[in-house]
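Report on one structure; see the data block that follows.
Protein chains in written order, with the numbering used here: chain B, 4 to 225; chain V, 16 to 303; chain X, 363 to 721.
Set out below in structure tokens:
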């Protein structure tokens, strides 16, 4: 009997449900709807793939693709939190229903070879490279004395090399870089080869050298 | 009861319109229940969509007695309504409806499933609860109007509601049971699903279930017609009759929404004690 | 004397999750009950061998769909014990706010299903209408209606802004007002009482001996509640569990009803006293080897987590002991001797969450 009041009151009040899809509700601000990526900012570090609880992201940094399985994604937001470039976003709109199961693949530009980045800022990186190379050369066993003696030349050649690499863009740079020291003599030729070698050692930690551009990438992605 | 071609034709026309009316009343029932529960309900023509869908399904029957019982139920509802529209004898209507209800029970009992068996037993108990009340209602009407014929009852001088108020309450109880509404919806589909899945209707599906649905619609029309007899007289208008039907149905739906479902023991107790007491008091008062 | 075996479940309109009970019925009186579990076993505990301990939070949240935040909370407590960390004050308050909101939504869901089990559809929908407000609060503050993913090891991931906190206070007033309108129906209506009083009686000694927990235990007279252990922000409030002494389904319903009102009070207190601090402490590296356990009050009872670590990023053992698992033996005792019409009512009165029971 006590329910009578509630039930009769309902007759005169607006309904608690709405006639979806004729009338839709405004979505709240923080709603976790669907995952999306700005592929241009992605550096393919694969942090999102490693941290995803449902393993729905696959990243291929050789080909530069970022693949999401939208039906496996639980929109938890862990990948958004760990992304170093903040290129993942969770939008408000819920994902539309899909008619068949499929993967969403975004194609981005793979990681750029380092000389391209070094050429755009010519002086400073070259000096840094020179210092780093000096330290590396001091540590590295092959012909340390030669490289120390040839420091100013090394810096020149190093400064020249990135510029040449910018022009040549990849494998062609290697023979040209070797050519330059050849003009100055055999000693420096060997030095040049060592110079070519030391940048290899250095690129292990940061960027990719032009002569071994493709090989470096293969090493890293392996 | 006249047997002229005219009356037969009118009765046939009304009979053909009854499934439509029954379907609409069921649609209004669902819509009104939904509004009382603060939601939009299905469209008004939804029962027709449901029956048409059921008729289009492949039949899955356990045995052929089931199908026969479904047909008997439908035929009995049709015959009872036909007699009502021909303004025939109320007691005859009562027994034809009973045949239909027993057919439903037998149909459920031919199948060996526990839900069907339990539902059949509960349906029998339901019949035990409402049939005495319905007989008392008819007896009271006959006493007040002078005969059991619907034509005579429709022509009384003043509406029967004034002389049979307590019997009207008994009629409301009967309708609650027959229409399968709380607190008495204990035995069949759509209602006692929390306990015995679909009860009496568990093993029916497809076209046979559609037959049971249409039979139920016709029964609804019949019951509302009997309720209308409480207000038909020489002095009241057609609008008044429609109004009483609408109000009674609204009260039924309201009671459905404000109470939980009770057990069959409670139902027997309430209907036989309270209902019968009301009915008997009214009839004795009529006699003296 | 006809003896039939009526299968209750696994697919049954009244059960929220599949549970198979074979009822041996003699003339509509239940004489024996044979349970059968295992319909939703997903093997989630074994996933800790392949997912590291941060990813396991999201796995563990999905053990149950109704009390998910509290599973994550218990797991984070256990791991924080292993690491030896303590969450900052604001995180502790936020955890309690979300935990109590979860308790309210779970109890409202249960009250609706309970009403449906004895055929009262309009009361069912009325309770769920109130529950929609709480779902909106979860969606606005945490991003999702049910699985909110806010707990992490060391604190919480998200903050609730001051406008949202004010809005939650308003919503609590509305929820309380609408909830109290249904109070007289739930507690005093004749039809409701006659369907629930005296049904499924569990005596005080039986409740303790069989290992009942949660409202099943508190409806039989024991004042035992895991929130008395005062984890997180509950240290700053005085907490008294709600107790009833009758031991039947009606008493358990009343316990849960009053717990909703109690939770509204706790949320209000938390919002008014919430301090400012950072949201989480950083967690470095793998957990040290060892084992830890934690104890949290779920809406259904006491939830225990046991976690064992061997120093790597995968935990070799995560053991979850859920309250419904402990409440099923009392259910078998309650169902003996009852009528067939009362079986749904009694089964629902322990609040069965079978997906918790069989992770």
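For every residue, glycine included, the Cβ atom is placed at its ideal position computed from N, Cα and C.
As the crow flies, the alpha-carbon of residue 383 of chain X is around 29 Å from that of residue 224 of chain V. Contact check for residue 279 of chain V and residue 13 of chain B: beta-carbon distance about 30 Å, past the 8 Å limit, so the pair fails to qualify.
Runs of the alpha helix (DSSP H) spanning 4 or more residues and lying entirely within the segment 41-121 of chain B occur at 50-54, 81-85, in chain order. Cβ contact annotation for residue 522 of chain X (same chain, cutoff 6 Å, sequence separation greater than five): 503, in chain order. The beta carbon of residue 651 of chain X sits closer than 6 Å to those of 671, 672, 673, all from its chain and outside the five residues before and after it, given in chain order.
Burial check for residue 717 of chain X: the Cβ neighbour count within 10 Å reaches 16 or more, so the residue is buried. Listed along chain V are 51, 52, 269, 272, 273, each with a C-beta nearer than 8 Å to that of residue 10 of chain B.
Annotation for residue 135 of chain V: 120, 123, 124, 215 place their beta carbon closer than 7 Å to its own, counting only its chain and skipping 5 residues before and after. Here the alpha carbons of residue 468 of chain X and residue 640 of chain X stand approximately 29 Å from one another. Between residue 395 of chain X and chain V, the shortest Cβ-Cβ separation is not below 8 Å. Rounded to the nearest angstrom, the gap between the Cα atoms of residue 685 of chain X and residue 217 of chain V is 35 Å. The Cβ atoms of residue 577 of chain X and residue 618 of chain X lie closer than 8 Å to each other. Residue 373 of chain X has its alpha-carbon roughly 37 Å from the corresponding atom of residue 530 of chain X. Positions of the beta strand (DSSP E) runs, each at least 3 residues long and wholly inside the segment 162-202 of chain V, cannot be given because no such run exists.
Restricted to the segment 528-592 of chain X, the alpha helix (DSSP H) segments that are unbroken, complete and at least 4 residues in length are 545-550, 552-558, 566-571, 577-580, listed in chain order. In this structure residue 297 of chain V is in contact with residue 179 of chain V, their Cβ atoms being roughly 6 Å apart against a cut-off of 8 Å.
Nearest Cα to residue 479 of chain X within the set X:635, X:704, X:526: X:704. When C-beta distances to chain B are compared with 7 Å, the residues of the segment 46-76 of chain V below that value are 50, 51, 52, 53, 54, 55, in chain order. Assigned with DSSP and collapsed to three states, residue 433 of chain X falls in helix. Here residue 41 of chain V is buried: its Cβ has 16 or more other Cβ atoms, across all protein chains shown, within 10 Å.
The three-state reading of DSSP puts residue 398 of chain X in strand, counting E and B together. Identification of chain V residues near residue 14 of chain B by a Cβ-Cβ cut-off of 8 Å yields 50, 51, ordered along the chain.
The Cβ neighbour count for residue 252 of chain V, taken over all protein chains shown within 10 Å, is under 16; the residue is labelled exposed. The Cβ neighbour count for residue 193 of chain V, taken over all protein chains shown within 10 Å, is at least 16; the residue is labelled buried. It is roughly 16 Å from the alpha-carbon of residue 82 of chain B to the alpha-carbon of residue 108 of chain B. A residue is called buried when at least 16 other Cβ atoms come within 10 angstroms of its Cβ; residue 460 of chain X meets this threshold and is buried. Here the segment 387-398 of chain X does not lie against the segment 619-627 of chain X, with fewer than 3 beta-carbon pairs under 8 Å apart. Around the Cβ of residue 439 of chain X, a 10 Å sphere holds 16 or more other Cβ atoms; the residue is buried. When only Cα atoms are considered, residue 474 of chain X and residue 488 of chain X end up about 8 Å apart. For residue 488 of chain X, the C-beta contacts it makes with chain B under 7 Å involve 9, in order along the chain. Under the 8 Å criterion on CB atoms, residue 672 of chain X is classed as non-interfacial with respect to chain B. The segment 244-263 of chain V makes contact with the segment 169-188 of chain V; the number of CB pairs closer than 8 Å reaches 3 or more. Residues 59, 106 of the same chain have their beta carbon placed closer than 6 Å to that of residue 72 of chain B, with the five preceding and five following residues left out of the count. Only residues of its own chain outside the window of five on either side were considered, and among them 34, 37, 38, 41 have a CB closer than 7 Å to the CB of residue 232 of chain V, listed in chain order. Residue range 222-243 is occupied by the alpha helix (DSSP H) that includes residue 231 of chain V.
Residue contact check for residue 484 of chain X against chain V: a CB pair falls below 8 Å.
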